[in-house]
Amino acid sequence: MTILDGKKVSNDIKNEIAEEVKHMKANGEKVPHLAAVIVGNDGASLTYVGSKVRACERIGFESTMVRMSNTTSEIELLDKIEELNNNVDIDGFIIQLPLPPQINTQKVLMAVNPDKDVDGFHPMNFGKMALDMSTFIPATPFGILELMDRYGVETKGKHTVVIGRSHIVGRPMSILMGRKGFPGNSTVTLTHSHTKNITQITSQADIIISALGIPKFLKAEMVKDDAVIIDVGITRVPDDSEKGYYITGDVDFEHVSKKASFITPVPGGVGPMTIAMLLKNTLLAREQHRKHNR
856 MTILDGKKVS NDIKNEIAEE VKHMKANGEK VPHLAAVIVG NDGASLTYVG
906 SKVRACERIG FESTMVRMSN TTSEIELLDK IEELNNNVDI DGFIIQLPLP
956 PQINTQKVLM AVNPDKDVDG FHPMNFGKMA LDMSTFIPAT PFGILELMDR
1006 YGVETKGKHT VVIGRSHIVG RPMSILMGRK GFPGNSTVTL THSHTKNITQ
1056 ITSQADIIIS ALGIPKFLKA EMVKDDAVII DVGITRVPDD SEKGYYITGD
1106 VDFEHVSKKA SFITPVPGGV GPMTIAMLLK NTLLAREQHR KHNR
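So for the sequence shown, this note's numbering puts the first residue at 856; every next one is plus one.
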């Protein structure tokens, strides 16, 4: 059994990007600039955005954190997005989700310029991804593909089962695993909360990608020998420890890992890859803007 070490691979990617940024600086080129908009004081969101800002510093990107209060109106946020769309210094930006209830998330994501949508959430970018066109792939699916690529996980002709159909992970993953090329060319089954006989389906899978958010949902008896297990879930489960919780994924790691050929740990698997690929998308955005401005 091989651990798909997202922490190690994400560090490798950051080092590779840092080298590219060094060359940009040496050639007198503008370095990539990533902005993050956060509305409200959600603890997990603040931690996540903070880690993105630190990652930018480490590899030599410019970064801007735009903090807005919990009472921000939809119009105020849309005005801020328009400002970022028109700011030529900013190559890409993200709107940290979730947003407060007074704001229509879909409307906000639609307002982001697709050329700066480094999260890959805009319908135009999603559509391009579905049509195998060059575009920004959402960071978490992009990270999963990169992990498989770097560890040489065989996907051609394999049966991939995706658990969960979110627009951020499950649905794009089901499209990407079925596309031509590597990683891809697999036969995909997309399962969700209304799927019947899920154990029957997962036990036939060569590759399982679980993005459900239910702690230890995937048990050993649901998995065949030598399956590849990608665990996207991350949940804080209360316990009696000093912290008051422990972090676990969708997979019963202790038992499933004994049957798997490859498996991602939680934490340290898919999570670190998400930030690395967000940085990679920002680098791609910078390249596109440079070509466009020639």
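Here a beta-carbon is modelled for each residue, glycine too, at the ideal position from N, C-alpha and C.
Here the structure is a predicted model, which means the values were calculated and not measured.
Item	Value
Go ahead and label Asp-987 buried or exposed: buried means 16 or more other beta carbons lie within 10 angstroms of its beta carbon, across all protein chains shown.	exposed
Tell me, please, which residues DSSP counts as bridged to Thr-1090.	Thr-1103
Does the Cβ of Pro-1127 have 16 or more other Cβ atoms within 10 Å, making it buried, or fewer, making it exposed?	buried
With burial defined as no fewer than 16 other Cβ atoms inside 10 Å of the residue's Cβ, what is the status of Lys-1146: buried or exposed?	exposed
Less than 7 Å between C-beta atoms, sequence neighbours within five positions excluded: which residues of the same chain meet that for Gly-1124?	Leu-859, Gly-861 and Asp-1086
Measuring straight from C-alpha to C-alpha, what distance separates Glu-938 and Asp-972?	14 Å
With DSSP collapsed to three states, give me the class of Phe-997.	helix
Just how far apart, CA to CA, sit Ile-1084 and Gly-1033?	17 Å
Is the segment 1034 to 1049 touching the segment 1005 to 1012, taking contact as three or more C-beta pairs under 8 Å?	yes
Only counting runs of 4 or more residues, tell me where the alpha helix (DSSP H) segments fall wholly within the segment 968 to 1031, in order along the chain.	978 to 985 and 994 to 1006
Are the CB atoms of Thr-1044 and Thr-1090 within a distance shorter than 9 Å?	no
Determine the burial state of Arg-1026: buried for a count of at least 16 other Cβ atoms within 10 Å of its Cβ, exposed for fewer.	buried
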